[in-house]
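Chemist: Please find one structure pasted underneath; my questions will follow.
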Ligand code: C2E
Ligand code: MG
Ligand code: MG
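Numbering (our numbering), first residue to last: 464 to 1264.
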């Protein structure tokens, strides 16, 4: 009796004793029936007093449970009332009817007995309701099939003799039928519960089933014997009713079943409903040969009807399941878009379709910018949140017939049925616009910039794999150029002959003096004086003219010559700085250092010896590193940066605001300067939030004791605004364009005064490496993505909020 653990020790002991006494009483009645407990003269003691005492004991046990334990109180109260009614019926029978020769039928005793059925029903329904929830429809149906089939069988066995032996008034017939039907209904309901719990109903239900089964057996045997005229008291059968009631008393104190979700097991799904439907079918077939009363016939027919319904449900479930599986196999779980597998299949089909019928299609490769930084900074959960929102966003701007899929990570593939370049551009623009509206990632909102590579079939490749590769190359070109999209061009393909040729030319330039350093002064705004000089590498190409760093740094990275380049730039620039110093210009030199160089094992040692050779005080050298290095390289970069700080060189955070680095880095890393990216300066005059962000950054830098340089100053208005908001340093074409060493020498000799500079005609564009429209327009006007803040730095949003 596990439930007694919650009671006070005295009460628990009393309940347990009552249980033991009940068992003893039932055993005594049974043993007396076979002559092992007292002679026949003691019949009235065993089949009378002890019998009624056992019934009262069972009712009391259930009632105590209802009163002592609040859980499912009503259910057990109902049962207690039912058993009390049953007991009252027995006692009334013993007292008022047993010794009369013509006892009425039905009598008040029957009312007491029959009270047990509605009460037991109410109790079973309430218990079932609280023990079994979240049921699959098919499980209920299984329960109903089993219950109806057993009810059909039970009523077929019991009703026939009862009906035959029943004569008299309507009330008499109805009362006689009420017992077997009530028993059958109770058993049916219990079986239902067994089935719906996956045939693991728990102790309470097993005891309930045992209790009602014993009662039903007792009723059935009693009716048979009465019908045959062979019933007599004082036999073992007398023990069946108190035994049944005792079981119910024990059920009341058993551990209730934990409510769990029931999943149909294989046994309950297939075997049991099948067996019970077969039983119902057997009864109906047999009814053709042997008479079957209407009630079992109806019950069997009901079981078969429900079995058919169950079959329909199983069938539709299976269909839905296979559809779901199919969909799962072709869907990317996170974004809900097609997955890579489905994309390849679609790509193959598009190629085959075009080969068979002619025609063309476009393949777009879409890659999100700064996604790794976002993941590293805000966590993978935020990354997933973003990807989840991106799927529907992109789908929303596509027309019917387009196939979009997530190919992995932050990379998406898109197939457009129309192979026109103009259509591909329009779609790329729409996607770009769609991604610019901010995405909400729990605490922050970010806008996303994507780089889109476009390859056309059959123009750029004649098979799917190569086309995909070429769209990838185009995507990298878009990334390098910071443009929204780029078409595949053989020249920008790292595997193409032209690109390989350029790599060889670059190595040659490095070895034979083809790379030179230009210098751009930075201005201290409160004095209009020069504060530092930034070294910017240039490639003096024999055919293409002077190529700016922006346009060949990626080639440097891919060619694996970054280390040589950094050494060369530092060597030239430190030598130049030394000559300025010799002429009385003690200027700070700023040199850009890529992540690759910074993470070279020997970088700090090499730098030390270069500084020593040029006799440069370390504090006169400032290394410009980009924000993204801080995030992506984590601990390794921190060690190098600390070593550099220890050496005494200054550190500047270049392109500040374009990455996702947390502001805490500013306090943790020993940087002494921030350079606000030129895209902010370019937008500040027409975009109020940007202007506010720059002003905010000015005050942030001031409070953190950091120097602040605004890059890319091109107009007098920008300069005036920067002065107004108290920005201390500026750099840009307006003040001074990057110059060769000789030009800078002359500029210094002429007094190092800043004037508004005019555009020079730039070098001939380098196919596949230069930005698309590299004409005379200002740099940032040629970078629409950046000018409109497409990379959507988290900083921007954090500050704007
Ligand atoms: P950065 O360090 O942010 O350099 C500023 C870039 O903006 C330079 O382009 C400069 O010529 C350009 N610029 C300066 N003022 C203006 C202006 O008013 N308007 C516009 N539109 N642009 C302006 P450049 O020389 O092509 O360099 C691009 C980037 O390449 C640099 O960005 C830097 O990250 C990298 N880089 C340049 N030289 C080196 C180098 O020696 N080593 C390494 N590792 N990277 C370098
Ligand atoms: Mg720089
Ligand atoms: Mg910069």
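We treat Cβ as the ideally placed atom computed from N, Cα and C, and that holds for glycine.
Just so we're clear, the structure is a prediction, and the values are computed from it rather than from any experiment.
Regarding residue 802 and ligand 2, is the C-beta to nearest heavy atom distance less than 7 Å?
Modeler: Position 339 of the chain shown, counted from the first residue, corresponds to residue 802. Because no heavy atom of ligand 2 lies under 7 Å away, the Cβ of residue 802 does not count as near it: no.
Chemist: Quick check: is any heavy atom of ligand 3 less than 7 Å from the C-beta of residue 1174?
Modeler: As a working note, residue 1174 is residue 711 in the chain shown. Under cutoff, so the answer is yes.
Chemist: Could you give the DSSP three-state label for residue 838: helix, strand or coil?
Modeler: Position 375 of the chain shown, counting from 1, holds the residue named residue 838. If DSSP states are grouped into helix, strand and coil, residue 838 belongs with the helices.
Chemist: For residue 1194, does the count of other Cβ atoms within 10 angstroms reach 16, so buried, or fall short, so exposed?
Modeler: By one-based count along the chain shown, residue 1194 stands at place 731. Residue 1194 comes out buried.
Chemist: Whole-angstrom Cβ separation of residue 934 and residue 826, contact assumed at under 8 Å?
Modeler: As a working note, residue 934 is residue 471 in the chain shown. As a working note, residue 826 is residue 363 in the chain shown. The pair is a contact, with the Cβ atoms about 5 Å apart (cut-off 8 Å).
Chemist: Go through the residues and name those whose CB comes closer than 7 Å to any heavy atom of ligand 2, in chain order.
Modeler: Here the residues come out as 997, 1053, 1055, 1087, 1117, 1138.
Chemist: Could you name the residues of the same chain whose beta carbon sits closer than 7 Å to that of residue 864, not counting the 5 residues immediately before and after it, in chain order?
Modeler: On the chain shown, residue 864 is found 401 positions in, with the first residue counted as 1. The residues are 880.
Chemist: Could you work out which residue in 970, 810, 520 is closest to residue 489 when comparing CA atoms only?
Modeler: Locating residue 489 in the chain shown gives position 26, where the first residue counts as 1. Closest option to residue 489, Cα to Cα, is 520.
Chemist: Return helix, strand or coil for residue 1056, following the three-state DSSP convention.
Modeler: Numbered from 1 along the chain shown, position 593 holds the residue referred to as residue 1056. If DSSP states are grouped into helix, strand and coil, residue 1056 belongs with coil.
Chemist: What did DSSP end up calling residue 830 once you bin it into helix, strand or coil?
Modeler: Looking up residue 830 in the chain shown gives position 367. Correct three-state label for residue 830: strand.
Chemist: If we count the other Cβ atoms within 10 Å of its Cβ and call it buried at 16 or more, is residue 900 buried or exposed?
Modeler: Working through the chain shown from its first residue, we reach residue 900 at position 437. Residue 900 comes out exposed.
Chemist: With a CB to CB cut of under 6 Å and the five nearest residues on each side skipped, what residues in its chain are close to residue 638?
Modeler: The count along the chain shown starts at 1 and reaches residue 638 at position 175. Same-chain partners within the cutoff: 569, 573.
Chemist: With DSSP collapsed to three states, give me the class of residue 909.
Modeler: Translated into the one-based positions of the chain shown, residue 909 becomes position 446. Residue state, collapsed to three classes: strand.
Chemist: Find out if the Cβ-Cβ distance for the pair residue 422, residue 1182 is shorter than 8 Å.
Modeler: This structure cannot speak to residue 422, because the chain is shown only from 464 to 1264.
Chemist: Report the rounded CA-to-CA distance for residue 1160 versus residue 1013, giving the unit in angstroms.
Modeler: Here residue 1160 is taken as the residue at index 697 of the chain shown, counted from 1. Here residue 1013 is taken as the residue at index 550 of the chain shown, counted from 1. Going from the Cα of residue 1160 to the Cα of residue 1013 covers about 26 Å.
Chemist: Do you know offhand how far residue 473's Cα is from residue 546's?
Modeler: For the purposes of this step, residue 473 is identified with residue 10 of the chain shown, where counting begins at 1. For the purposes of this step, residue 546 is identified with residue 83 of the chain shown, where counting begins at 1. Looking at the two C-alpha atoms, the distance is approximately 25 Å.
Chemist: When the Cα of residue 850 is compared with those of 806, 911, 660, which residue comes out closest?
Modeler: Position 387 of the chain shown, counted from the start, is the residue given in the question as residue 850. Measuring from the Cα of residue 850, the nearest candidate turns out to be 911.
Chemist: Whole angstroms is fine: what's the gap from residue 1006's alpha carbon to residue 1127's?
Modeler: On the chain shown, residue 1006 is found 543 positions in, with the first residue counted as 1. On the chain shown, residue 1127 is found 664 positions in, with the first residue counted as 1. Those two C-alpha atoms are separated by around 47 Å.
Chemist: Taking CB distances under 8 Å as the criterion, tell me whether residue 1027 reaches chain B.
Modeler: As a matter of chain content, chain B is missing from the structure shown, which is built from one protein chain.
Chemist: So residue 1160 is in the alpha helix (DSSP H); what residue range does that whole segment cover?
Modeler: Within the chain shown, the letter at position 697 stands for residue 1160. That run of the alpha helix (DSSP H) goes 1151-1167.
Chemist: Would you kindly work out how many angstroms separate the C-alpha atoms of residue 915 and residue 1034, rounded to a whole number?
Modeler: In the chain shown, the residue the question calls residue 915 occupies position 452. In the chain shown, the residue the question calls residue 1034 occupies position 571. Approximately 38 Å, taken between the alpha carbons.
Chemist: For residue 787, which three-state DSSP category applies?
Modeler: For the purposes of this step, residue 787 is taken as the residue at position 324 of the chain shown. The answer is helix: DSSP assigns residue 787 an H, G or I state.
Chemist: Nearest to residue 835 by alpha carbon, out of 871, 805, 807?
Modeler: The sequence position of residue 835 within the chain shown is 372, counting from 1. Closest option to residue 835, Cα to Cα, is 871.
Chemist: Which complete alpha helix (DSSP H) runs does the segment 679-757 hold, if anything under 4 residues is left out?
Modeler: Listed in chain order, the complete alpha helix (DSSP H) runs (minimum 4 residues) inside the segment 679-757 are 703-716, 735-749.
Chemist: Quick check on DSSP: helix, strand or coil for residue 795?
Modeler: Locating residue 795 in the chain shown gives position 332, counting from the first residue. Residue state, collapsed to three classes: coil.
Chemist: Who does residue 518 pair with in a DSSP beta bridge?
Modeler: Taking the chain shown and counting its residues from 1, one reaches residue 518 at position 55. In the DSSP output, where bridge partners are listed per residue, residue 518 has none listed.
Chemist: Is it true that the CB of residue 496 sits closer than 8 Å to the CB of residue 682?
Modeler: Residue 682 sits at position 219 when you count from the first residue of the chain shown. Residue 496 sits at position 33 when you count from the first residue of the chain shown. Cβ atoms of residue 682 and residue 496: not closer than 8 Å.
Chemist: Using the three-state DSSP reduction, which class does residue 615 fall into: helix, strand or coil?
Modeler: The residue you call residue 615 lines up with position 152 of the chain shown. Of the three classes helix, strand and coil, the one that applies to residue 615 here is helix, per DSSP.
Chemist: List the DSSP bridge partners of residue 1085.
Modeler: Here residue 1085 corresponds to residue number 622 of the chain shown, with the count starting at 1. Answer is 1053, 1113, bridged to residue 1085.
Chemist: Any heavy atom of ligand 1 within a distance shorter than 7 Å of the CB on residue 876?
Modeler: Position 413 of the chain shown, counted from the first residue, corresponds to residue 876. Flag unset: Cβ of residue 876 not near ligand 1.
Chemist: Label residue 906 either buried or exposed according to how many other C-beta atoms from any shown protein chain fall within 10 Å of its C-beta, with 16 as the threshold for buried.
Modeler: Sequence index remark: in the chain shown, residue 906 carries index 443 (1-based). Classification for residue 906: exposed.
Chemist: Counting only the same chain and skipping the five closest in sequence on each side, list residues whose C-beta sits under 6 Å from that of residue 1106.
Modeler: For the purposes of this step, residue 1106 is taken as residue 643 along the chain shown, with counting starting at 1. Closer than 6 Å at the Cβ level, and outside the excluded window around residue 1106, lie 1067.
Chemist: Apply the 10 Å Cβ neighbour rule to residue 775 and answer buried if 16 or more other Cβ atoms are within range, or exposed otherwise.
Modeler: Here the question's residue 775 lines up with position 312 in the chain shown. Exposed.
Chemist: Taking the C-alpha atoms as reference points, what is the distance between residue 948 and residue 1026?
Modeler: Along the chain shown, read from residue 1 onward, the residue named residue 948 stands at position 485. Along the chain shown, read from residue 1 onward, the residue named residue 1026 stands at position 563. Residue 948 and residue 1026: Cα-Cα distance of roughly 30 Å.
Chemist: Nearest CA to the CA of residue 1037: which residue from 1075, 584, 766?
Modeler: Locating residue 1037 in the chain shown gives position 574, counting from the first residue. For residue 1037, the nearest C-alpha among the options comes from 1075.
Chemist: Mind checking residue 1089: buried by the 16 CB within 10 Å criterion, or exposed?
Modeler: Position 626 of the chain shown, counting from 1, holds the residue named residue 1089. That one is buried.
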